[in-house]
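Colleague: Here the protein sequences line up with chains S and U, keeping their order. Taking my numbering, the leading residue of the first sequence gets 15, the next gets one more, and so forth. Taking my numbering, the leading residue of the second sequence gets 359, the next gets one more, and so forth.
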Amino acid sequence: MAGLPALSRPWGPRRGWTDYGWSALAIVLLTAVAKAVEPWIGYPSIDLFYLLPVILAATFFGLRPGVATAIASGVFYNFFFIPPQHTFHIHDPQDVATVIVLVIVAIVISQLAGRVRAQAEANERRAKENAVIAAFTGTLAALSDETETAQAICSEIARLFDVEAVLLAPRRDGLSLIAATPDRVALDADAHSAASAACGEGDDGAVAVPTESDWRFRPIEGGLGTMAVVGIRGPRSIELLARAGSDLFAAIVERAARAYERLRVEEEIRGVDALRERERLRSTLLSSIGHDLRTPLTALTAAAEALAAREEHSDLVSTIRGEAKRLKRFFDDLIDMTRIESGSLAPRAEPVDLTDAASAAVDDLRLAMEAHHVRVDVPPNLPLVRTDPNLLHHILINLLDNAAKFSPAGSEVRLQGEEMEGGVELCVTDEGPGLPAGREAMVFDTFARLEGSDRTGGTGLGLAIVKGFAEAMGLRVGAANRRGRHGARLSIFFPAKLVVPTSGADG
Amino acid sequence: MSGRARILVIEDEASIRRLICRALDLNGYAAAEAGNAGQALALVEKMLPDVVILDLGLPDRDGSELLPRLKQSGAAVLVLTARDEIAEKVAVLDAGADDYVTKPFDTDELLARVRTCLRRRGAGVGERPRIAAGDLLIDLDRRQVVRDGEEIHLTPNEYELLAELARHAGRVLTHAHLLRAVWGPAHQDDVEYLRVTVRSLRRKLEPDPGQPALIRNEPGVGYRLQP
């Protein structure tokens, strides 16, 4: 920024007495030359000579010096060349016309030249402004810190427009001063409320926020809304803020908005990176729990089994075995739940035979359900469904395990499959106390437990995992009490789009 | 096979290694142990084990890298995996492992798998033209399946599938393995073919096709024929 000139008052044609001096000099010199050549060409042609100083003056010095030069030229021509010489008498009307033409030429040329000059000046101003804006943009681009950016914005505005400048940005406890030029600018309460108004009002509030304060504010806004407010105080502040007041000021504010937007986006990217890093840590933690905790658990189980082989009837040993099993289920549940909540489940669907799925699940739970009568009724003619076999396996295990936990020993647990309108349903029914009326679906909430039924332990996550897995695969879960009987009926439903059309083909 | 069956336990966790060896000893096997891949390879050459119990997480090498060498020695390989990941199970089975057990496991379960491995090895894969499964007799020479003296008619694909399962009775064969063996490599991802054919096989062979006992499913991994 340092090398750039400040843009001061509008550039205009220099209007000083020197212009008239130069014009006069040109007339005198021309008169001398004309006098010298008059004997050869005669006085009537001399009037053309006087076009020269008129054109020069009109072109370089503008209208008034041009007209003055035209009149002076007429006077000189009359005095020195038109007979009677050395008087101001004009006998020939043609000579009057000569003076008038000179004046008209001066006017026309000065107009044309003025227009060209104004254009050139505008171009020059635009180029300077562009250079200023480019330099400002470059300065901002190099900054990646909000305070530094705000300070750069303030000092640039202050320098360019010769005003005091402040920048405020919304913080948790309202607008606060981020940067100011000069450094020690204090805003009073009026100024603050004016700034808040500018910040809140958005587009239309930009122009003139009614304020008692002599500060004027303009919001810095972009696609992300109002990100900050810039305030200026000084003799030109009102002019600068008027809509058509200063293109340069508007451009500077616009660049400031871009810079702010970029900072926001960068901030968000940093946030996303942090999130990704957290996600990576989480999955590392998950796999290390998976590995590092299973290993000691394996040793524990194996040791308990070795002990059990020696002391068949020891309660202590069977307690160790039982608790180690429970611990394993806790870990598994926690890992599953974390996978669901972190959204890191990636179901891999393939055509699955529900008869297979049902018998595999029942088989895995053989020991845990020894005390119950398990009835499987999943007919082998159900259509195949597209689903993740492993997640489905966990769903069924959790549903069966839940049924076994919450129903008395010796009762029946049924696993049924049925093709129905719009899809295929698998359901597990038990003969336990059932679900609280009106709140059946809450059984799928995390840590939900049925009243007074924590006797069998468990993390309370089993059914929440069922729901999480099911939803990840596009299945619906359902919970109800059995009609006319004691017991709960929990179901998963495969909508038609997951059902594989029966081809009837036999391999 | 003379004397006790030789079993090599490759596991880096000393406590687990010792407990497995103890259980094997108590059950009449000759157990040897290795804590890393280097030791394991040296021991394999020396003792020519019948079964290798292999943990995948070894300190010096990934256990799955040992699989080809171990298979070369003629041992059956039972993989221990700490991760409950279908993809990993499928990968080790496809790499030649005979079976897998997920940690933490029951010692009884592990011993049962060891017995299955030994039985299969003792029988000698491919050398047995007739395999009994449940009340079925599968005659690989005559391409016949007989129950109570009566032949059961199977389509060619049904027969090929059953025969492949029977050749490795008791062992999980992955979907891809079965699809390649029966339908050819081009169809190794067409799980639907397999499901449909398994179904029709069950309808013909199982006493209750709704609760299959003969052709068992390992969710997401494959099928095994219950010997």
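All C-beta atoms, glycine included, are put in the ideal place defined by N, C-alpha and C. Note that the structure is predicted; figures quoted are calculated from it, not measured.
Who are the neighbours of Val390(S) on chain U, taking C-beta pairs under 8 Å?
Modeller: Your numbering for residue 390(S) matches position 376 in the first sequence. Neighbours of Val390(S) on chain U, chain order: Gly568 and Gln569.
Colleague: Could you tell me which chain S residues have their CB closer than 7 Å to the CB of Ser373(U), listed as they occur along the chain?
Modeller: As a first step, residue 373(U) must be located in the second sequence, where it is residue number 15. The answer, in chain order, is Ala313.
Colleague: Please state the DSSP three-state secondary structure of Leu382(U).
Modeller: Translated into positions along the second sequence, residue 382(U) becomes position 24. Residue state, collapsed to three classes: helix.
Colleague: The alpha helix (DSSP H) spanning Gln546(U) covers which residue range?
Modeller: As a working mapping, residue 546(U) is identified with position 188 in the second sequence. Looking at the DSSP string, Gln546(U) is not in any alpha helix (DSSP H), and its letter there is neither H nor E.
Colleague: Express the C-alpha separation of Val556(U) and Val530(U) in angstroms, rounding to a whole number.
Modeller: Counted from its first residue, the second sequence places residue 530(U) at position 172. Counted from its first residue, the second sequence places residue 556(U) at position 198. Their backbone Cα atoms lie some 14 Å apart in a straight line.
Colleague: Whose C-beta lies closer than 6 Å to the C-beta of Asp497(U) among residues of the same chain, with five residues either side of it excluded?
Modeller: Position 139 of the second sequence, counted from the first residue, corresponds to residue 497(U). Around Asp497(U): Arg488.
Colleague: Tell me the rounded alpha-carbon separation between Leu377(U) and Glu391(U).
Modeller: Locating residue 377(U) in the second sequence gives position 19, where the first residue counts as 1. Locating residue 391(U) in the second sequence gives position 33, where the first residue counts as 1. Approximately 11 Å between the Cα atoms of the pair.
Colleague: Using a beta-carbon distance below 8 Å, is Arg500(U) in contact with chain S?
Modeller: In the second sequence, counting from the first residue as 1, residue 500(U) sits at position 142. At a cut-off of 8 Å between beta carbons, Arg500(U) makes no contact with chain S.
Colleague: With distances taken from CA atoms, which of Glu439(S), Glu235(S), Phe263(S) and Ala200(S) is nearest Trp229(S)?
Modeller: Taking the first sequence and counting its residues from 1, the one referred to as residue 229(S) is at position 215. The residue with the shortest Cα to Cα distance from Trp229(S) is Ala200(S).
Colleague: Of all Cβ atoms in chain U, is any one closer than 8 Å to the Cβ of Arg185(S)?
Modeller: Counted from its first residue, the first sequence places residue 185(S) at position 171. No - not a single Cβ of chain U is within 8 Å of the one on Arg185(S).
Colleague: Give the single residue among Ser301(S), Ser373(S), Asn404(S) and Ala382(S) whose Cα lies nearest to the Cα of Val390(S).
Modeller: Residue numbering aside, residue 390(S) sits at position 376 when the first sequence is read from its first letter. Ranking Ser301(S), Ser373(S), Asn404(S) and Ala382(S) by Cα distance to Val390(S) puts Ser373(S) first.
Colleague: In chain U, what lies closer than 8 Å to Asp367(S) by C-beta?
Modeller: Stepping through the first sequence from its first residue, residue 367(S) is reached at position 353. Here the neighbours are Arg553, Val556, Arg557 and Asn575.
Colleague: Whole angstroms are fine: how far does the CA of Ala372(U) sit from the CA of Ala381(U)?
Modeller: Your numbering for residue 381(U) matches position 23 in the second sequence. Your numbering for residue 372(U) matches position 14 in the second sequence. Taking the straight line from one Cα to the other gives about 14 Å.
Colleague: Is it buried or exposed, Ser158(S), if we count other Cβ atoms within 10 angstroms and call 16 or more buried?
Modeller: Indexing the first sequence from 1 puts residue 158(S) at position 144. By the 10 Å Cβ count, Ser158(S) comes out exposed.
Colleague: So Phe508(S) packs on Val399(S), CB below 8 Å; how close in whole Å?
Modeller: Taking the first residue of the first sequence as 1, we reach residue 508(S) at position 494. Taking the first residue of the first sequence as 1, we reach residue 399(S) at position 385. Sure, about 5 Å apart at Cβ, within 8 Å.
Colleague: Could you tell me which residues DSSP puts in a beta bridge with Met434(S)?
Modeller: Looking up residue 434(S) in the first sequence gives position 420. Answer by DSSP bridge pairing, in chain order: Gly437(S).
Colleague: Going along the stretch 438–465 of chain U in order, which residues come within less than 9 Å of chain S, judged by CB to CB distance?
Modeller: Answer in chain order: Leu438, Ala440, Arg441, Asp442, Glu443, Ile444, Ala445, Thr460, Lys461, Pro462, Phe463, Asp464 and Thr465.
Colleague: Please report the distance separating the alpha-carbon of Val410(U) from that of Gly361(U).
Modeller: In the second sequence, residue 410(U) corresponds to position 52, counting from 1. In the second sequence, residue 361(U) corresponds to position 3, counting from 1. C-alpha separation (whole angstroms): 17 Å.
Colleague: Determine whether the Cβ of Val514(S) lies closer than 8 Å to any Cβ atom of chain U.
Modeller: By one-based count along the first sequence, residue 514(S) stands at place 500. For Val514(S), the answer is yes, since a Cβ of chain U falls inside 8 Å of its Cβ.
Colleague: CB-CB under 6 Å to Ala363(U), same chain, minus the five flanking residues each way: which ones, in chain order?
Modeller: Mapped onto the second sequence, residue 363(U) falls at position 5. So the list reads Tyr387, Asp408 and Leu476, once near-sequence residues are dropped.
Colleague: Give every residue of the same chain whose Cβ lies closer than 7 Å to the Cβ of Lys94(S), excluding the five residues on either side of it in the sequence, and list them in chain order.
Modeller: Position 80 of the first sequence holds residue 94(S). The residue you asked about is not Lys; residue 94(S) is Phe in the sequence shown. Closer than 7 Å at the Cβ level, and outside the excluded window around Phe94(S), lie Thr45 and Lys49.
Colleague: Whole angstroms is fine: what's the gap from Ala395(U)'s alpha carbon to Ser297(S)'s?
Modeller: As a working note, residue 395(U) is residue 37 in the second sequence. As a working note, residue 297(S) is residue 283 in the first sequence. Spanning the two alpha carbons is a distance of roughly 27 Å.
Colleague: Quick one: does Thr538(S) have its CB under 8 Å from some CB of chain U?
Modeller: A query on residue 538(S) cannot be resolved here, the shown segment of chain S reaching from 15 to 521 and no further.
Colleague: Whose C-beta lies closer than 8 Å to the C-beta of Ala322(S) among residues of the same chain, with five residues either side of it excluded?
Modeller: Counting from 1 along the first sequence, the entry for residue 322(S) is found at position 308. Taken in chain order, the residues that qualify are Ser328, Val331, Ser332 and Arg335.
Colleague: Could you check where the beta strand (DSSP E) with Glu235(S) kicks off and where it finishes?
Modeller: Numbered from its first residue, the first sequence carries residue 235(S) at position 221. Unbroken beta strand (DSSP E) run through Glu235(S): Arg230 to Gly236.
Colleague: Can you find the residues in the same chain that come closer than 7 Å, C-beta to C-beta, to Gly568(U), ignoring five residues on each side of it along the sequence?
Modeller: Sequence index remark: in the second sequence, residue 568(U) carries index 210 (1-based). Counting only Cβ-Cβ distances below 7 Å, and skipping sequence neighbours, we find nothing.
Colleague: Can you have a look at Pro107(S) and say buried or exposed, based on whether 16 or more other CB atoms are within 10 angstroms of its CB?
Modeller: Residue 107(S) sits at position 93 when you count from the first residue of the first sequence. Under this definition Pro107(S) is an exposed residue.
Colleague: Among Glu355(S), Ala183(S), Gln165(S) and Leu154(S), whose alpha-carbon lies nearest the alpha-carbon of Phe231(S)?
Modeller: Along the first sequence, read from residue 1 onward, the residue named residue 231(S) stands at position 217. That would be Ala183(S), whose Cα lies nearest to the Cα of Phe231(S).
Colleague: Taking just the CA atoms, how far does Ile266(S) sit from Arg278(S)?
Modeller: Counted from its first residue, the first sequence places residue 278(S) at position 264. Counted from its first residue, the first sequence places residue 266(S) at position 252. Arg278(S) and Ile266(S): Cα-Cα distance of roughly 18 Å.
Colleague: Please state if the CB of Pro67(S) and the CB of Ile41(S) are separated by a distance shorter than 8 Å.
Modeller: The residue labelled residue 41(S) in the question sits at position 27 within the first sequence. The residue labelled residue 67(S) in the question sits at position 53 within the first sequence. Cβ distance < 8 Å, so Ile41(S) and Pro67(S) count as in contact.
Colleague: Using a Cβ distance threshold of 8 Å, determine whether the stretch 378–389 of chain S contacts the stretch 493–509 of chain S, with at least three qualifying pairs required.
Modeller: no
Colleague: By the 10 Å Cβ neighbour count, where 16 or more other Cβ atoms means buried, how is Asp217(S) classified, buried or exposed?
Modeller: Numbered from its first residue, the first sequence carries residue 217(S) at position 203. Its pLDDT being 45, under 50, Asp217(S) is placed unreliably in this model, and the value from its coordinates should be taken loosely. Asp217(S) comes out exposed.
Colleague: Could you work out which residues of chain C lie near Ala534(U), taking near to mean beta carbons separated by less than 7 Å?
Modeller: Annotation note: the requested chain C is absent from the structure, which comprises protein chains S and U.
Colleague: So, helix, strand or coil for Met383(S), using DSSP?
Modeller: Position 369 of the first sequence holds residue 383(S). Coil, per DSSP.
Colleague: Can you tell me whether Gly188(S) is helix, strand or coil according to DSSP?
Modeller: Working through the first sequence from its first residue, we reach residue 188(S) at position 174. Three-state DSSP puts Gly188(S) in a strand.
Colleague: List the whole-angstrom C-beta distance separating Ala316(U) from Leu572(U), where the pair is believed to meet the contact cut-off of C-beta under 8 Å.
Modeller: Because chain U in this structure spans residues 359 to 585, residue 316(U) falls outside the shown range and cannot be described.
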